[in-house]
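**Student:** The structure that follows is given in the form of structure tokens.
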Ligand code: 13P
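Numbering (my numbering), first residue to last: 44 to 298.
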């Protein structure tokens, strides 16, 4: 069944003490205030994950995700972290294909397909990010860009593997810029994504897929975005670092 999801991507922010503090605040506020079926995911930096997974165990409404993983299971890859390591501390999700990884770490669709495979082999659900740059939006190539990201990064999966994937549409021009895609712009792409998935995997898989919007989503614009039929929640950057804002975004679904 399609889930309503709000996921917080902390990126490279917050030291250990601040991270544990923020997570505790979020858990308490979600416990007290959030009714309904929303699924909440928090994706802190690697070093916070072990402790945060322990805290999350005491509460069944908040899941934990990582922000990346390596494609290999183990080996001589100094500085990297693998999917089985994440699984071993209790992580359930992993963000893959974020535009910051594509841009600053040269991650391409072929590499991301390998990372997706490794995540799925270790029971991690990928939160797979796709989206166009400002140039690609302006030259109207954005549908092609998204089609290719899906085809090359994900469409090698079987239908049952694909059922574990969450998609996030994050237009690069809206990330951290304060420029949000309008609900209509976002809906247009989300509908396109769902149609691509429908053509590849059929109606059941397409209608069960959760597609999140990311890019300057905040408590003021979340409700309008989440009201669109193909927008199933958000992947939140800056606003996920403030517990009040993050919880208000979770509460923005019209239930
Ligand atoms: P902002 O919400 O800060 O624009 O970041 C979005 C994002 O990149 C989430 O992955």
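Note that beta-carbon positions come from the ideal geometry of N, C-alpha and C, so glycine has one too.
1. Name, in chain order, the residues that DSSP records as bridge partners for residue 113.
2. Indicate the three-state DSSP secondary structure (helix, strand or coil) for residue 218 in the structure shown.
3. In chain order, which continuous runs of the alpha helix (DSSP H) of length 4 or greater are located wholly inside the segment 178–225?
4. Please report the straight-line C-alpha distance between residue 52 and residue 246, rounded to a whole angstrom.
5. Rounded to the nearest angstrom, what separates residue 283 and residue 289 at their Cα positions?
6. Nearest to residue 292 by alpha carbon, out of 61, 260, 220 and 173?
7. What's the C-alpha gap between residue 98 and residue 49?
8. Once DSSP output is grouped into helix, strand and coil, what is the label at residue 96?
9. Under 8 Å by Cβ, that's how I've got residue 118 and residue 218 pegged, so tell me the actual separation to the nearest angstrom.
10. I need the DSSP call for residue 139, collapsed to helix, strand or coil.
11. In the DSSP output, which residue or residues are listed as bridge partners for residue 260?
12. Are the Cβ atoms of residue 266 and residue 295 separated by less than 9 Å?
13. Roughly how many whole angstroms lie between the Cα atoms of residue 255 and residue 61?
14. Using the Cβ count rule (16 or more neighbours within 10 Å means buried), how would you classify residue 148?
15. Under three-state DSSP, which class holds residue 252?
16. CB of residue 264 to nearest heavy atom of ligand 1: below 8 Å?
17. Are residue 161 and residue 126 closer than 9 Å when you measure CB to CB?
18. Using only the heavy atoms of ligand 1, determine whether one of them is closer than 8 Å to the beta carbon of residue 218.
**Tutor:** In short:
1. Locating residue 113 in the chain shown gives position 70, counting from the first residue. 125, per the DSSP bridge assignment.
2. Your numbering for residue 218 matches position 175 in the chain shown. Coil, per DSSP.
3. 185–196 and 202–205
4. Taking the first residue of the chain shown as position 1, residue 52 is located at position 9. Taking the first residue of the chain shown as position 1, residue 246 is located at position 203. Roughly 30 Å separates the two Cα atoms.
5. Here residue 283 is taken as the residue at index 240 of the chain shown, counted from 1. Here residue 289 is taken as the residue at index 246 of the chain shown, counted from 1. Distance between the alpha carbons of residue 283 and residue 289: 5 Å.
6. Residue mapping note: residue 292 aligns to position 249 of the chain shown, counting from 1. When only C-alpha atoms are compared, the closest one is 260.
7. As a first step, residue 98 must be located in the chain shown, where it is residue number 55. As a first step, residue 49 must be located in the chain shown, where it is residue number 6. Each residue's Cα considered, the two are about 19 Å apart.
8. Here residue 96 is taken as the residue at index 53 of the chain shown, counted from 1. Residue 96: helix per DSSP, three-state reduction.
9. As a first step, residue 118 must be located in the chain shown, where it is residue number 75. As a first step, residue 218 must be located in the chain shown, where it is residue number 175. About 32 Å separates the two Cβ atoms, so there is no contact after all.
10. Numbered from its first residue, the chain shown carries residue 139 at position 96. Residue state, collapsed to three classes: strand.
11. Along the chain shown, read from residue 1 onward, the residue named residue 260 stands at position 217. Looking at the DSSP assignment, residue 260 forms no beta bridge with any residue, so it has no partner.
12. For this step, residue 266 is matched to residue 223 along the chain shown. For this step, residue 295 is matched to residue 252 along the chain shown. In this structure, residue 295 lies closer than 9 Å to residue 266 by Cβ.
13. Mapped onto the chain shown, residue 255 falls at position 212. Mapped onto the chain shown, residue 61 falls at position 18. Between residue 255 and residue 61, the C-alpha separation is close to 26 Å.
14. The residue you call residue 148 lines up with position 105 of the chain shown. The residue in question, residue 148, is exposed, as its Cβ has fewer than 16 Cβ neighbours within 10 Å.
15. In the chain shown, residue 252 corresponds to position 209, counting from 1. Of the three classes helix, strand and coil, the one that applies to residue 252 here is coil, per DSSP.
16. The residue labelled residue 264 in the question sits at position 221 within the chain shown. Every heavy atom of ligand 1 is 8 Å or more from the Cβ of residue 264, so no.
17. Mapped onto the chain shown, residue 161 falls at position 118. Mapped onto the chain shown, residue 126 falls at position 83. Yes. Within cutoff.
18. Within the chain shown, the letter at position 175 stands for residue 218. Checking the Cβ of residue 218 against ligand 1 gives yes.
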